[in-house]
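Engineer: This is the structure I want to talk about, given as structure tokens.
Number of protein chains: 2
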Amino acid sequence: MSNCTFIFRNRPEILSASSAVGTKEGQGPMKEWFDSISEDDTFGQKTWEKAESYMLKMAVEDAITKAGKTRDEVDVMLSGDLLNQIMSSSFMARDMQIPFIGLYGACSTMTESLMLAGVLTDGGYCCTAVGCASSHFCTAERQFRLPLEHAHQKPPSAQSTVTGAGAMVVSKADIDKKCAKPDVYRVKHCRGNRVVITAATVGRVFDPGIRDSNEMGAAMAPAAVDLILRHLNGTGRSFDDYDLIITGDLGVTGKAVAADILKQAGVTQEQIDGKLEDCGTLIYDESSGCKSGGSGCGCSASIFSGYIYKQMKRGVFRRVLIISTGAMLSTISPFQGESIPGIAHGVELESEGAL
Amino acid sequence: MSNCTFIFRNRPEILSASSAVGTKEGQGPMKEWFDSISEDDTFGQKTWEKAESYMLKMAVEDAITKAGKTRDEVDVMLSGDLLNQIMSSSFMARDMQIPFIGLYGACSTMTESLMLAGVLTDGGYCCTAVGCASSHFCTAERQFRLPLEHAHQKPPSAQSTVTGAGAMVVSKADIDKKCAKPDVYRVKHCRGNRVVITAATVGRVFDPGIRDSNEMGAAMAPAAVDLILRHLNGTGRSFDDYDLIITGDLGVTGKAVAADILKQAGVTQEQIDGKLEDCGTLIYDESSGCKSGGSGCGCSASIFSGYIYKQMKRGVFRRVLIISTGAMLSTISPFQGESIPGIAHGVELESEGAL
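These protein sequence lines map, in sequence, to chains F and R. Sequential numbering from 0 applies to the first sequence in numbering that gives the first Met the number 0. Sequential numbering from 0 applies to the second sequence in numbering that gives the first Met the number 0.
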């Protein structure tokens with residue numbers, strides 16, 4: 000099978016990133032890294048779906064502004080979410096009036112959109128692309144699980160869908176002068192290192208046969224490990240070449256499963272320690288009551304666009320492999336006897352020099 | 000706003016295409032062009048969703064075989080469908096074990112997947128990519144409309160979802176020798192002209208404010224015209240430079256609306272006559288009872304992969320703009336007071352010389 004690793008020879012830059020999250024996420028350990036925290040998970044909208052779409056739009060608009068651009072200067076936007084017919088993204092794209100490529104990758108969408116934004120700019124197909132994704136606790140619970148009013152109790156392995164969105168503006172600014180406004184955007188908005196996309200690997204749908212929707216982390220962990228190993232193979236790098244390898248939403252249980260599988264593949268505990276992280280385990284603390292951490296497209300989208308991007312701007316992380324992880328079940332597939340297959344897409348980022 | 004037109008300088012070739020359809024489509028005027036017609040819309044599966052997934056897999060496998068390749072030689076597959084969480088595509092991708100990029104573009108998915116397959120091969124990110132899409136009458140009716148058992152009657156403007164799938168194998172065979180097996184695949188499977196992808200334009204979500212789900216054609220027509228005009232602008236071509244400009248599933252009503260809007264934009268009736276076509280109006284005849292024609296991702300997917308591709312192999316059409324058209328409503332957006340926005344993605348194909 001093909002590795003399907005893309006090498007970005009022109010190293011397109013992530014000009015800016017923005018994250019928007021809900022109340023609970025804004026009270027967690029990552030709160031200082033988010034660009035926008037809402038005091039009200041309705042975001043002033045009449046329905047949860049409209050709230051999610053509005054939150055996503057906030058992140059996209061803020062990222063475009065931070066890049067020193069207007070929406071007319073963005074050539075294409077790639078986005079997806081968990082809702083049926085990607086309702087949050089579709090209506091956001093209607094409002095934004097930017098050419099739109101709709102994606103569905105379950106919770107793997109943030110790296111799926113970023114990877115394709117990288118391809119389109121690196122390949123010279125357009126100057127500026129936005130990659131984004133979102134999820135909302137209340138829309139996801141209603142659609143995939145049980146009505147919130149039931150106050151349903153979850154087992155410790157179950158994760159909680161993150162109310163959050165992330166957006167990144169990708170450009171080949173330094174290659175094509177006509178696209179670039181370096182003096183404007185750097186000085187005004189983006190002090191710090193350049194964060195560039197150097198490679199990406201497309202995930203494959205991997206089915207470990209898990210049927211319990213409270214075990215999503217375990218369902219996705221093999222796909223995440225498969226992605227890591229194929230990415231290392233495709234780039235010729237080793238685990239040690241990265242400051243951080245961070246998965247999207249495996250959660251506490253899934254992260255442990257992924258570490259176990261990596262060790263079976265020959266990665267040592269020393270290599271894993273402090274290097275393998277998971278957004279799902281970072282976003283909430285004990286007080287949240289989310290025993291196994293967060294999930295949803297918005298989990299990795301908000302942490303990659305918040306914490307990871309900003310730490311790379313500062314040069315704290317020099318090379319990071321970000322991997323959003325998704326469970327490709329549908330709302331009806333479990334009732335038809337199907338297990339829960341996982342997928343994971345990976346994007347390699349580097350922090351380049353100081354300005 | 001950006002045109003967002005991609006020019007494919009390496010002119011990647013569509014090595015092969017395959018279409019699979021249901022019984023009713025196989026009795027219509029396009030029957031001679033389809034690669035596979037099922038006598039049973041269950042395709043031997045226990046649920047409609049599994050049937051759709053199986054049909055899509057048939058088209059993908061047949062296209063890969065026709066290209067003289069094995070699934071291990073395909074680097075990446077891009078697919079989507081109308082089902083919640085693109086269930087048909089996800090489970091097909093699990094079975095195929097090819098790196099997978101999931102898309103959601105409603106009925107615009109075939110050109111969305113083909114456009115990105117073109118980018119990935121033209122840009123040198125991979126050698127071989129498959130773009131595909133599907134829809135099934137019974138899964139779509141159950142999800143979007145009413146249970147089949149109701150025998151619900153539709154108004155004349157309503158279209159019927161096509162049971163069909165299409166898949167195309169795209170390669171930069173002639174550029175990179177290591178990817179090519181010209182003697183094998185051409186002689187064995189693909190006699191005729193080379194069909195290459197020369198350009199593509201990304202659609203934007205366009206909302207004419209229509210709220211009646213029996214008027215999908217009218218809801219999508221403005222997006223289709225917007226796409227045509229932006230594509231002409233982006234490529235510097237005129238309407239007359241094409242042998243055919245064919246939309247996905249506007250149907251009888253939507254096609255008439257599109258022609259009216261084109262005329263307002265300065266295109267003459269003579270230019271439109273015989274040049275503007277719509278897959279939705281081609282797939283069924285009077286006896287089908289589908290007054291306004293077909294719809295669904297499978298409508299344009301099966302006709303582009305069947306009729307259009309084969310006629311281009313024969314050199315009957317030299318340059319064609321294929322445009323799949325989608326309505327970006329969700330199963331719940333109309334209940335939240337939202338109108339039905341449309342989108343359309345366009346891919347320009349050329350038939351090159353004789354072998």
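By construction, the Cβ of each residue, glycine as well, lies at the ideal position given by its N, Cα and C atoms. Since this is a predicted model, take the numbers as computed values, not measurements.
#1: Considering Cα atoms alone, identify which of F:Lys65, F:Glu214, F:Gly273 and F:Met109 is closest to Ser156 (chain F).
#2: Establish whether the CB of Ile85 (chain R) and some CB of chain F are separated by less than 7 Å.
#3: Who are the near neighbours of Ala19 (chain R) in its chain, counting only those whose CB is closer than 6 Å to its CB and skipping five residues on each side?
#4: Bridge partners of Leu348 (chain R), per DSSP?
#5: Contact between the segment 287-307 of chain R and the segment 240-251 of chain R: three or more CB pairs below 8 Å?
#6: Compute the distance between the beta-carbons of Val169 (chain R) and Ile321 (chain R), then report whether it is under 7 Å.
#7: Identify the residues that DSSP records as bridge partners of Asp277 (chain R): which are they?
#8: For the candidate residues F:Thr4, F:Phe5, F:Gly25 and F:Leu243, whose alpha-carbon lies nearest to that of Ser286 (chain F)?
#9: Relative to the alpha-carbon of Ser383 (chain R), which residue among R:Ala199, R:Ala326 and R:Val129 has its alpha-carbon at the smallest distance?
#10: Thr324 (chain R) and Ser107 (chain R) - do their beta-carbons sit closer together than 7 Å?
#11: List, in chain order, every chain F residue whose beta-carbon is nearer than 8 Å to that of Gln238 (chain R).
#12: Could you please give me the residues that DSSP links to Phe5 (chain F) through a beta bridge?
#13: Since Ala257 (chain R) and Ala223 (chain R) should fall inside the 8 Å C-beta cutoff, what is the C-beta to C-beta distance between them, to a whole number of angstroms?
#14: Scan the segment 5-16 of chain R for residues whose Cβ lies nearer than 7 Å to a Cβ of chain F and list them as they occur along the chain.
#15: Near Ala218 (chain F), which residues of its chain fall below 7 Å by C-beta distance, leaving aside the five closest residues on each side in sequence?
#16: Can you confirm whether Gln335 (chain R), when its beta carbon is compared against all beta carbons of chain F, has any partner nearer than 7 Å?
#17: Within its chain, find whatever has a CB closer than 7 Å to the CB of Thr319 (chain F); leave out the 5 residues flanking it on each side and keep chain order.
#18: Compute the Euclidean distance between the alpha carbons of Thr138 (chain F) and Glu148 (chain F), then round it to the nearest angstrom.
#19: Out of curiosity, what's the CA-to-CA distance linking His344 (chain F) and Ser112 (chain F)?
#20: DSSP on Ser291 (chain R), reduced to helix/strand/coil?
#21: Arg313 (chain R): buried (16+ other C-beta within 10 angstroms of its C-beta) or exposed?
#22: Whole-angstrom Cβ separation of Ser428 (chain R) and Val204 (chain F), contact assumed at under 8 Å?
#23: Which value, in whole angstroms, describes the spacing of the CA atoms of Gln96 (chain R) and Ile196 (chain R)?
#24: Does Ser1 (chain F) get closer than 7 Å to chain R when you measure Cβ to Cβ?
#25: Have a look at F:Lys45, F:Gln158, F:Gly117 and F:Cys131 and flag the residue whose alpha-carbon is nearest the alpha-carbon of Phe143 (chain F).
#26: Reducing DSSP to helix, strand and coil, say where Met76 (chain F) ends up.
#27: Name the residues in the segment 109-122 of chain F whose C-beta lies less than 8 Å from a C-beta of chain R; which are they?
#28: How would you call Ser237 (chain R), buried or exposed, if buried means at least 16 neighbouring beta carbons within 10 angstroms?
#29: Beta-carbon separation of Leu82 (chain F) and Leu102 (chain R) under 7 Å?
#30: Let me make sure I understand the geometry here. Which of F:Gln152, F:Gly67, F:Ser304 and F:Gly336 has the alpha-carbon closest to that of Ala16 (chain F)?
#31: For Val168 (chain R), does the three-state DSSP call read helix, strand or coil?
#32: To the nearest angstrom, how far is it from the Cα of Gly27 (chain R) to the Cα of Cys131 (chain R)?
#33: For Cys3 (chain F), tell me which candidate among R:Val75, R:Met0, R:Arg10 and R:Asn9 has the shortest Cα-Cα distance.
#34: Take Lys45 (chain R) as the anchor and find which of F:Val346, F:Gly352 and F:Phe334 has the nearest alpha-carbon.
#35: Please list, in chain order, all residues of the same chain as Leu328 (chain R) whose beta carbon is under 6 Å from its beta carbon, the five residues on each side excluded.
Structural biologist: So, to answer that:
#1: F:Glu214
#2: yes
#3: Ser35, Met54, Met57, Ala58 and Ala164
#4: R:Ile196 and R:Val319
#5: yes
#6: no
#7: R:Thr246
#8: F:Gly25
#9: This structure gives no information on residue 383 (chain R), because the portion of chain R shown stretches from 0 to 354.
#10: yes
#11: Before going further, note that residue 238 (chain R) is Phe rather than Gln in the sequence given. In chain order: nothing, as chain F lies at least about 21 Å away.
#12: F:Ala199
#13: 5 Å
#14: Phe5
#15: Pro207, Ile209, Ala326, Ile339 and Gly341
#16: yes
#17: It is Val, not Thr, that sits at residue 319 (chain F) in the sequence shown. If we look at Val319 (chain F) and ignore the five residues flanking it on each side, its Cβ neighbours are Tyr241, Asp242, Leu243, Ile245, Ile307, Met311 and Leu348.
#18: 13 Å
#19: 10 Å
#20: coil
#21: exposed
#22: There is simply no residue 428 (chain R) to check, as chain R begins at 0 and stops at 354 in what is shown.
#23: 26 Å
#24: yes
#25: F:Gln158
#26: strand
#27: Glu111, Leu115, Val118, Leu119, Asp121 and Gly122
#28: exposed
#29: no
#30: F:Ser304
#31: strand
#32: 22 Å
#33: R:Val75
#34: F:Phe334
#35: Ile339
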